[in-house]
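This report refers to the structure that appears directly beneath it.
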Amino acid sequence: MSQVDGIYANHALLTIINDLVGKEVLVEAVDGAKYSGIFTACSPEFDIGLRHAYKITTGNMTNLLPKKEDMTTKMLFKFSDIVAMSALMNEEKVIRGFATDRDYHIKQQNGRLGDEEHELQEWSADEDAEEIEPLDQMPDQRQRYQRNNGWNVEEMFNTNSQMGVQSTYEEDLRQYTTAPVEGNEEDRRRADQIAREIENSQQSKFNARLENDDDERDLDKQTTEEDFEVQSKRGSGSGGQR
């Protein structure tokens with residue numbers, strides 16, 4: 001059984017190190033320089049390995065993101081060169097969760113409100129601020145476009161006509177939707193009768209047999225009813241042989 005050496009023998013410290021993997025850490029060196037990077041590895045002697053590390057200076061400390069030319073893909077810090085290392089450990093659920101003003105205030109007070117209760121104040125706009133319409137009184141999209149000098153439908157059609165573009169738009173939307181069935185019950189019965197007559201006709205039956213036929217046929221030769229009769233006789237004859 002192999003012996004566990006160094007910090008790997010400290011279970012509590014090893015748990016913390018495992019939680020740091022993949023997180024952004026801040027390393028302070030003995031010379032006073034500070035480096036930021038992604039915590040990647042740690043040796044039993046507590047040598048620290050960072051990825052995409054860069055030195056924090058007065059020129060870049062206020063930047064939202066570091067410059068690519070300032071970053072080093074891999075950077076190793078010996079234990080003897082490290083003064084301190086810190087990382088921001090936030091719970092992901094807290095970050096993603098929704099919080100009200102009161103919840104946020106409790107969080108700022110480390111979960112304790114103390115003796116004083118903070119009453120929420122209603123927000124009010126300044127006198128020179130733009131007035132916001134109530135939600136139930138806001139106009140619909142078309143009215144907002146018209147108010148903002150947007151295109152009117154009739155103006156668009158008139159402009160297209162002047163440019164020689166003829167619109168095929170119909171107000172009843174018959175090109176885009178299924179047209180409603182017109183007629184009374186007598187018309188419906190008449191339509192059903194015509195459909196049955198078509199289905200029972202010899203031509204319809206022949207077309208159905210031709211559509212469902214699986215036999216290979218000569219494409220240059222027209223298929224007739226006699227071909228199906230010959231096929232049927234062959235099938236019955238072969239089925240009767242033992």
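Under the working numbering, the first residue of the sequence shown is numbered 1, with each subsequent residue one higher.
Using N, Cα and C, we set each Cβ at its ideal position, and we do this for glycine too.
Note that the structure is predicted; figures quoted are calculated from it, not measured.
Residues that DSSP places opposite residue i in a beta bridge
| i | result |
| --- | --- |
| I56 | K34 |
| V27 | Y35 and M85 |
| A41 | G49 |
Rounded straight-line distance, which links the Cα of residue j to that of residue i
| i | j | result |
| --- | --- | --- |
| P66 | D47 | 24 Å |
| F39 | D126 | 48 Å |
| M156 | Y176 | 20 Å |
| G183 | T168 | 26 Å |
| Q121 | G49 | 49 Å |
| A208 | D192 | 19 Å |
| V165 | T178 | 26 Å |
| L88 | K23 | 8 Å |
| K55 | K78 | 16 Å |
| S86 | K68 | 23 Å |
| E185 | Q162 | 46 Å |
| R51 | C42 | 12 Å |
| N158 | R188 | 41 Å |
| K93 | A84 | For K93, the predicted structure reports a pLDDT of 49, less than 50, and the residue's modelled location is therefore unreliable. The matter cannot be settled from this model. |
| T224 | R190 | 32 Å |
| N152 | I198 | 50 Å |
| Q202 | R196 | 12 Å |
The ligand HEM heavy atom lying under 7 Å from the CB of residue i
| i | result |
| --- | --- |
| A195 | By its list of ligands, the structure shown contains no ligand whatsoever, and the ligand HEM lies outside what it can speak to. |
Limits of the alpha helix (DSSP H) - the one that residue i falls within
| i | result |
| --- | --- |
| S156 | One point to set straight first is that residue 156 is Met, not Ser, in the sequence displayed. V153 to Q162 is the span of the alpha helix (DSSP H), which, as asked, contains M156. |
| L210 | Q202 to E211 |
| I17 | H11 to L20 |
Which listed residue (the options) has its alpha carbon closest to that of residue i
| i | options | result |
| --- | --- | --- |
| M61 | A33, Y8 and K74 | A33 |
| M71 | A53, V83, T57 and I16 | A53 |
| E170 | E154, D31 and Q162 | E154 |
| L76 | E211, E45 and D227 | E45 |
Integer-rounded CB distance, given that residue j should sit under 8 Å from residue i
| i | j | result |
| --- | --- | --- |
| L26 | S36 | 5 Å |
| A29 | D81 | 5 Å |
Boundaries (first-last residue) of the beta strand (DSSP E) holding residue i
| i | result |
| --- | --- |
| T302 | In the structure as shown, the chain begins at 1 and stops at 242. Residue 302 is therefore absent and cannot be evaluated. |
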